[in-house]
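Given below as structure tokens:
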């Protein structure tokens, strides 16, 4: 078995590649810039590729895998950057080329921000109301791929990630900001009121779920990748502090609530659980 992974050197990508290695699966690790992360691992072949620059032979360049996990995406530190809008046609062109050249299975990362500002439990059939450039762009890419399915046979799974956390995450993420304060010996952590409800899931778990879905060789459509458990931000921060054995004062209410997020929302995990139960 051989699986190609774009965005292999990114936050999620590194965890996915490491889990593939752990499961003794051959990996084509694709990244924009040259990397030596896995240069001594016989299971991994690294390919330096700029997805934005179209090449009709790109599928051959990535060694014609049966399965592609598409994680690559720029600009994640600013959800309203124009780069998200600009990325859609470039990535759709790349993925279309792979599919038309023979790709059989495609797993693409979406986002819970496709749901927009909606409270409560959100399932895969909930209305799509993205309010950020990132959420809008991901939704456009999904629609483009579903349209492509009407003309070309391929298995498609669209994984809507909820609130990931883990080592190596963006410096702007809540987890990384807290870790920085802890590691620097800070006495206080400034944050929002913390009473808003989110659906947190460790990146290690996400990597395992992505690979489990890929190994089924079956398009599952839209899937929420979530814990299914609503947890307040303050509760999660205090849990992280406990795990880090850190005693830091929380300055609650220092920052306002993000305008692009609902106050209380989390993912429904029914479909994901059903897929995991399949043999």
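Residue numbers (my numbering): 16 to 294.
We put the beta carbon where it would ideally sit given N, CA and C, even for glycine.
Three-way DSSP call (helix, strand, coil) for residue 88 in this model: coil
Cβ-Cβ distance between residue 243 and residue 278 below 8 Å: no
Contained beta strand (DSSP E) runs [length at least 3] in the segment 196 to 252, N- to C-terminal order: 203 to 205, 215 to 217 and 236 to 240
Residue 49 versus 63, 163 and 179, residue with shortest Cα-Cα distance: 63
Given 8 Å, three or more beta-carbon pairs between the segment 139 to 157 and the segment 94 to 112: yes
Residue 210 and residue 245 closer than 8 Å at C-beta: no
Bounding residues of the alpha helix (DSSP H) (the contiguous stretch that carries residue 37): 26 to 37
Continuous beta strand (DSSP E) stretch holding residue 126: start and end: 120 to 126
Contacting residues, own chain, Cβ-Cβ under 7 Å from residue 219 (five flanking each side not counted): 30 and 181
Sub-8 Å separation of residue 115 and residue 167 beta-carbons: yes
Nearest-angstrom Cα separation, counted from residue 241 out to residue 178: 8 Å
Opposing strand residues paired with residue 172 [DSSP bridges]: 122 and 236
Contact between the segment 201 to 208 and the segment 261 to 272 (3+ Cβ pairs under 8 Å): yes
Straight-line gap, residue 185 to residue 71 (C-alpha atoms, nearest Å): 33 Å
Close Cβ partners of residue 261 (< 8 Å) along its chain, the five nearest in sequence each way excluded: 197
Cβ pair residue 24, residue 66 closer than 8 Å: no
Beta-ladder partner(s) of residue 280, from DSSP: 135
Supposed contact pair residue 16 and residue 43 - C-beta distance, whole angstroms, cut 8 Å: That belief does not hold up - the Cβ atoms of residue 43 and residue 16 are roughly 12 Å apart, past 8 Å.
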